[in-house]
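*Asks:*
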Amino acid sequence: MKKELLKKIIETKSKITVLADESTSVGHKSTLIVFLKASVDGDMEPIAFPLDLVELDSMSAAHIKEQIMGCLLKNGFTVELLREILIGFCSDGASVMLGVKSGVGKLLQDDFPGIILWHCLNHRLELAVDQALDVTGGTKDFQAFMDSLYSLYSQSPKNMRQLSECAHNLDIALRRIGKVFSVGWVASSWRAVSAVWQSYPALAQHFREASEDDTRDSRERAKFKGLLSKLCSINFLKSLALMADVLTELKNLSEILQNRKTTLPKAHDIMTTYVKHIESFNRYPGQHAVDASQAEEVMEFKGEELAGLPSLTLLSSSEQWQTI
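Counting from 1, position 85 in the sequence shown corresponds to residue 86 in the numbering used here; the numbering is continuous, with no gaps.
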């Protein structure tokens, strides 16, 4: 399949863009995944496919550029042909890749002056999320609580087993609780927040039982009592709902941007639509926020009594919505 595509690209002199993504092999050796994006046979919808996996002996821009060129030449391209058909280079925003003065993109541009350098839209999305978190009040407390849940269950088989038993007794499908806002894609944060939302009754039951477990020392029991108090705070529930609604939109946007068939014009239209949708939450709350508001009316959520005293800073003010 790859050989046929390359043959068509070379024969028809189809325009191509090189996409490069840094990675690490099983042996912890730095590697570079090289993709090609091209319009083949005059098709208006370009296709993207993996060209090769290149091992890197150095993370210098010069070495990476040399390896990319070697990869292209090995697969049948010539420098003369590349001057005619290579129109773009895309990667993450790391300085070694897209540094203005000496990044890989700049070095390629020196050899091929006509190419366009592009910062991956998904990486831009992640950077935008990070910047929004830096200026949005309340997220650090929320993240700290979510991280404490991750540590509680990822580092203790006993706690994980007891939580599973609680979920089984409540007939809840338990999902793994991960970290939020500290790993690659927003989809990871969405999975973590969704897991807490879905497992809410099981978490509350486990915290309650553990806080009354005489086999645990007083420090542990106090810790679980504090976790239960935070979990059952109406303000935490509202924060959880806000994050679930926003991350659902960002996760969907991220997955669309990762689609190999997504073009720049299409990406621009989609991003504009999603931004407007997120902005509308300030006037028309998402489904999770609606559920949280209904729970506030009766001070109960999924069978758990809620406390009115805030245990975490509320995230859902109009100013914070505007920031998000």
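Idealized CB from N, CA, C, for every residue including glycine.
Please list the segments of the beta strand (DSSP E) lying wholly inside the region 41 to 107, counting only runs of 3 or more residues, in order along the chain.
*Replies:* Listed in chain order, the complete beta strand (DSSP E) runs (minimum 3 residues) inside the region 41 to 107 are 48 to 56, 87 to 92.
*Asks:* Would you mind working out which of S59, F36, K14 sits nearest K30, comparing C-alpha positions?
*Replies:* If you number the sequence shown from 1, residue 30 lands on position 29. Here the closest residue by C-alpha is S59.
*Asks:* Are the region 210 to 224 and the region 252 to 271 touching by the rule of at least three beta carbon pairs closer than 8 Å?
*Replies:* These segments do not touch.
*Asks:* Taking the alpha-carbon positions, what's the V35 to R84 distance?
*Replies:* Against the sequence shown, residue 35 aligns to sequence position 34. Against the sequence shown, residue 84 aligns to sequence position 83. For V35 and R84, the distance between alpha carbons rounds to 18 Å.
*Asks:* Just to check my reading of the structure: I48 and R217 have Cβ atoms closer than 8 Å, yes? What is that Cβ distance to the nearest angstrom?
*Replies:* Counting from one through the sequence shown, the residue named residue 48 turns up at place 47. Counting from one through the sequence shown, the residue named residue 217 turns up at place 216. Not really, about 57 Å apart at Cβ, beyond 8 Å.
*Asks:* Is the CB of V55 under 8 Å away from at least one CB in chain D?
*Replies:* In the structure shown, chain D does not exist; there is a single protein chain.
*Asks:* Among the residues of its own chain, which have a CB less than 7 Å from the CB of L50, if the five just before and after it don't count?
*Replies:* One-based indexing of the sequence shown puts residue 50 at position 49. In the sequence as displayed, the identity of residue 50 is Phe instead of Leu. Excluding sequence neighbours, F50 sits near K3, L6, F36, L37.
*Asks:* Between the Cα of A242 and the Cα atoms of L122, V291, I17, L251, which residue gives the shortest distance?
*Replies:* As a working mapping, residue 242 is identified with position 241 in the sequence shown. Selected option, being the one with the closest Cα: V291.
*Asks:* Spatial neighbours of T249 within its chain, please: C-beta separation below 7 Å, excluding the five flanking residues on both sides.
*Replies:* Within the sequence shown, residue 249 is the residue found at index 248, counting from 1. Result list for T249: W191, in chain order.
*Asks:* Could you name each continuous alpha helix (DSSP H) segment of 4 residues or more that falls completely within the region 262 to 317, going from the start of the chain to the end?
*Replies:* You should have 265 to 281, 288 to 299.
*Asks:* Runs of 4 residues minimum, wholly inside the region 230 to 266: which ones carry the alpha helix (DSSP H) assignment?
*Replies:* Listed in chain order, they are 235 to 259.
*Asks:* Considering only C-alpha positions, which residue in the set K66, G304, F78 is nearest to S92?
*Replies:* Here residue 92 refers to the residue found at position 91 of the sequence shown. The shortest C-alpha separation from S92 is found at K66.
*Asks:* Please report how far the alpha carbon of F302 lies from the alpha carbon of H169, in whole angstroms.
*Replies:* For the purposes of this step, residue 302 is taken as the residue at position 301 of the sequence shown. For the purposes of this step, residue 169 is taken as the residue at position 168 of the sequence shown. For F302 and H169, the distance between alpha carbons rounds to 19 Å.
*Asks:* Are I88 and T140 closer than 8 Å when you measure CB to CB?
*Replies:* Counting from 1 along the sequence shown, the entry for residue 88 is found at position 87. Counting from 1 along the sequence shown, the entry for residue 140 is found at position 139. Result no, Cβ atoms of I88 and T140 do not sit closer than 8 Å.
*Asks:* Quick one: give me the first and last residue of the alpha helix (DSSP H) that L126 is part of.
*Replies:* The residue labelled residue 126 in the question sits at position 125 within the sequence shown. Element bounds for L126: 122 to 136.
*Asks:* Taking 8 Å as the cut-off, decide whether the C-beta atoms of H278 and A245 are in contact.
*Replies:* As a first step, residue 278 must be located in the sequence shown, where it is residue number 277. As a first step, residue 245 must be located in the sequence shown, where it is residue number 244. No. Outside cutoff.
*Asks:* With the cut-off set at 8 Å, would you say A63 and L99 are in Cβ contact?
*Replies:* Here residue 63 corresponds to residue number 62 of the sequence shown, with the count starting at 1. Here residue 99 corresponds to residue number 98 of the sequence shown, with the count starting at 1. Result no, Cβ atoms of A63 and L99 do not sit closer than 8 Å.
*Asks:* For a test of the three-state rule: what should DSSP assign to T18, helix, strand or coil?
*Replies:* Here residue 18 refers to the residue found at position 17 when the sequence shown is read from its first residue. Here T18 sits in strand by DSSP.
*Asks:* Verify whether the separation of the beta carbon atoms of E298 and C233 is less than 8 Å.
*Replies:* Working through the sequence shown from its first residue, we reach residue 298 at position 297. Working through the sequence shown from its first residue, we reach residue 233 at position 232. Taking 8 Å as the Cβ cut-off, E298 and C233 do not qualify as a contacting pair.
*Asks:* In terms of residue numbering, what span does the alpha helix (DSSP H) encompassing I173 cover?
*Replies:* As a first step, residue 173 must be located in the sequence shown, where it is residue number 172. Per DSSP, I173 belongs to no alpha helix (DSSP H) and is neither H nor E.
*Asks:* Can the beta-carbon of I173 be found closer than 8 Å to that of A193?
*Replies:* Within the sequence shown, the letter at position 172 stands for residue 173. Within the sequence shown, the letter at position 192 stands for residue 193. For I173 and A193, no; Cβs fall outside 8 Å.
*Asks:* Considering just the uninterrupted stretch of the alpha helix (DSSP H) at F113, what are its terminal residues?
*Replies:* Counting from one through the sequence shown, the residue named residue 113 turns up at place 112. Segment: none, F113 is in no alpha helix (DSSP H) and carries neither H nor E.
*Asks:* On the three-state DSSP scale, how would you describe E5?
*Replies:* To locate residue 5, count along the sequence shown from 1; it is residue 4. E5 falls in the helix class under three-state DSSP.
*Asks:* How should A21 be labelled, buried or exposed, when 16 other C-beta atoms within 10 angstroms of its C-beta is the threshold for buried?
*Replies:* Within the sequence shown, the letter at position 20 stands for residue 21. It is buried - the Cβ of A21 has at least 16 other Cβ atoms within 10 Å.
*Asks:* I need the straight-line Cα distance from A293 to G115, nearest angstrom please.
*Replies:* If you number the sequence shown from 1, residue 293 lands on position 292. If you number the sequence shown from 1, residue 115 lands on position 114. A293 and G115: Cα-Cα distance of roughly 53 Å.
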